[in-house]
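To start, the structure itself, in structure tokens.
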Amino acid sequence: MELTVLGAGPAYTDRRGATGAAYLLKSRGRSILLDLGQGSFPALAAAVEPSSVEAVFITHLHPDHFVDLVPLRHYLRYQFTPPRRAAVHAPAGLAARLDALHDEPGFTTTALDVVDLAEGTVVIGPFVVEARLVTHTRESYAFRVSSGDGSALVYSGDCGRAADLEGLVRQGDALLVEASFGAGPVATGAGHLDGPAVGALAANVRPARVLLTHLQMGFDPAATITSVAARFDGPIDLVEPGFLTTI
124 MELTVLGAGP AYTDRRGATG AAYLLKSRGR SILLDLGQGS FPALAAAVEP
174 SSVEAVFITH LHPDHFVDLV PLRHYLRYQF TPPRRAAVHA PAGLAARLDA
224 LHDEPGFTTT ALDVVDLAEG TVVIGPFVVE ARLVTHTRES YAFRVSSGDG
274 SALVYSGDCG RAADLEGLVR QGDALLVEAS FGAGPVATGA GHLDGPAVGA
324 LAANVRPARV LLTHLQMGFD PAATITSVAA RFDGPIDLVE PGFLTTI
């Protein structure tokens with residue numbers, strides 16, 4: 124299974140070229156997406172033919188994780204005759220939010236088949252996607268994705284309590300995890316993680332590697348990695364758009 128980071132940014136940043144959360148997974152010639160945040164559609168279009176993506180999984184309904192469903196919808200609707208469609212698995216209410224954004228009832232359903240997420244497992248081609256509720260918004264999910272060859276990626280989405288991920292991560296998985304508040308501490312009530320929390324989680328669940336993402340503006344990347352490494356002795360990377368690896 125191959126991971127391409129299309130976007131790894133938070134809701135706002137001063138890092139030139141940063142785009143919202145978007146992670147492309149490929150296996151056996153097929154692909155799915157985990158989130159599709161602001162500015163990430165061009166990177167998707169450069170990586171694969173967007174209509175070939177079999178499903179998009181949205182962790183939660185903050186725009187930096189789903190708003191580029193709008194250009195995806197336009198692309199599917201207007202680039203092809205007849206229009207093409209894509210499946211989107213998301214927390215309840217996504218379609219209503221996109222419709223309201225454009226003040227157009229039915230805007231979403233012209234090209235996107237939205238399925239309400241729930242805890243459990245969804246099989247899409249070679250991908251087995253396990254969804255687990257985490258602390259962030261009223262309904263936020265983390266995902267564990269495997270592709271039948273023993274490899275798996277756990278993606279935290281945005282998560283305010285590291286312990287929520289413990290039951291999802293299995294020893295040897297790759298852990299793609301937000302570290303929004305760098306070396307810490309997390310602002311009160313922010314609902315995010317920092318490096319020390321990620322390091323403590325990784326030391327407990329023993330992933331094969333830790334891939335840090337979603338670093339907020341103003342936090343130092345090197346200090347963030349160091350704060351994780353103080354607790355976890357395995358490989359650690361801070362991912363950026365264009366990061367490519369095999370899981």
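Going by the numbering used here, the sequence shown runs without a break in its numbering and finishes at 370. The beta-carbon is built from N, C-alpha and C at its ideal position, and this holds for glycine as well.
Within 10 angstroms of the beta-carbon of Arg196 lie 16 or more other beta-carbons, which makes it buried. In terms of CA proximity to Asp343, Gly307 leads the group Gly243, Gly307, Gly322. Between the segment 271-291 and the segment 196-208, the count of Cβ pairs shorter than 8 Å is below three; the stretches do not touch. Classified as exposed, Pro228 has fewer than 16 neighbouring CB atoms from the shown chains inside 10 Å of its CB. The continuous alpha helix (DSSP H) containing Thr347 extends over residues 344-352.
Leu192 is positioned such that its CB atom lies no closer than 7 Å to that of Val268. For Tyr201, the enclosing alpha helix (DSSP H) covers residues 192-201. The straight-line gap separating the alpha-carbon atoms of Arg354 and Ala325 is approximately 8 Å. Gly248 has no beta-bridge partner at all, per DSSP. Unbroken beta strand (DSSP E) runs of no fewer than 3 residues, entirely contained in the segment 217-242, are found at 235-239, following chain order. With the rule of 3 Cβ pairs closer than 8 Å, the segment 183-190 counts as touching the segment 253-273. The beta-carbon distance between Gln161 and Thr142, rounded to whole angstroms, is 6 Å. This is short enough to meet the 8 Å contact definition. When rounded, the separation of the alpha-carbon atoms in Thr311 and Arg151 is 43 Å.
Distance from the CA atom of Ala286 to the CA atom of Gly322, rounded to whole angstroms, is 12 Å.
Within the segment 137-180, complete alpha helix (DSSP H) segments of at least 4 residues are found at 164-170, given in chain order. Membership of Gly130 in the beta strand (DSSP E) is indicated by the continuous run 125-130.
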